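So the mapping is simple: my numbering equals the position in the sequence shown, first residue as 1, plus 64. Note that beta-carbon positions come from the ideal geometry of N, C-alpha and C, so glycine has one too. In this text the structure is predicted, and so the values were computed from the model without any measurement. Here is the structure we will look at.
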Amino acid sequence: MPRRIIKKYMPDPKKLQEQKSLRFLGKLLEDPGLLHLTRRSVAKAFLVGIFFAFIPVPFQMVLAAAGAVLLHCNLPISVGLVWITNPITMPVMFYGTYLVGSWLLGVEAQPMPDELTLDWLSDLIAEAWWPLYFGSAVTGAVFAVLSYFGIHLLWRWHVNKSWRTRKSKPENNG
């Protein structure tokens, strides 16, 4: 059932190749595996999309698209998952990854001020870029791997449930 719902919203391969933002991938976009909805393709798409959602860089979607092409996984899911990081979730996610990076590096984390100012932000960026990026990479990798295996488990559970349901239904002989 989830596959049918997702397929309804999948882009047309021709339209995907005509996207201006993806032209840098050229002939690589002709890979039919970029739109497949298999357990492996979707799990790898989650791996790529979740990882790049946690990396604080511009053009996360382009990086996710390149990662999907390199790993031969579902491109729309990879790119769509990057939107986990949006203007609403971004401050919490990146401050959390900054705290993780500070903790892992043994650096004292700067507390959030009562009032957010550009001066505070520029000072924080000058001091905190290494804990932020290190924490983002580690957190992104952990959540990406967890989502990869989680998708495998959920997919198998769903298939097994479908088989049990099908097996338990009485057959129609008429």
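Annotation for Asp95: Val133 and His136 place their beta carbon closer than 8 Å to its own, counting only its chain and skipping 5 residues before and after. In this structure Thr203 is buried. Its beta-carbon is surrounded by 16 or more other beta-carbon atoms within 10 angstroms. Distance from the Cα of Trp193 is smallest, within the candidate group Gln174, Lys233 and Ala130, for Gln174.
CA-to-CA, the gap between Thr149 and Lys233 works out to about 43 Å. Gly170 sits exposed, since fewer than 16 C-beta atoms from the chains shown fall within 10 Å of its C-beta. Rounded to whole angstroms, Pro120 and Thr161 show a C-alpha spacing of 10 Å.
Counting only runs of 4+ residues, the alpha helix (DSSP H) found wholly inside the stretch 92-171 occupies 103-117, 124-135, 139-145 and 154-169, in chain order. In this structure, Gly131 lies near Val112, with their beta-carbon atoms less than 7 Å apart. Annotated three-state conformation of Thr181 is coil, per DSSP. Residue environment for Ser142: buried (at least 16 other C-beta atoms within 10 angstroms of its C-beta). In this structure, Arg103 lies near Trp219, with their beta-carbon atoms less than 7 Å apart. In terms of Cα proximity to Ile215, the closest of Leu99, Ala129 and Ile114 is Ile114. Taking a contact as a CB-CB distance under 8 Å, the pair Ala117 and Leu163 does not count as one, their CB atoms being some 17 Å apart. Contact annotation: Ser166 and Pro122 have beta-carbon atoms that are not nearer than 7 Å. In this structure, the straight-line span from the alpha carbon of Trp147 to that of Thr181 is close to 25 Å.
His222 and Ala190 have their C-alpha atoms roughly 47 Å apart.
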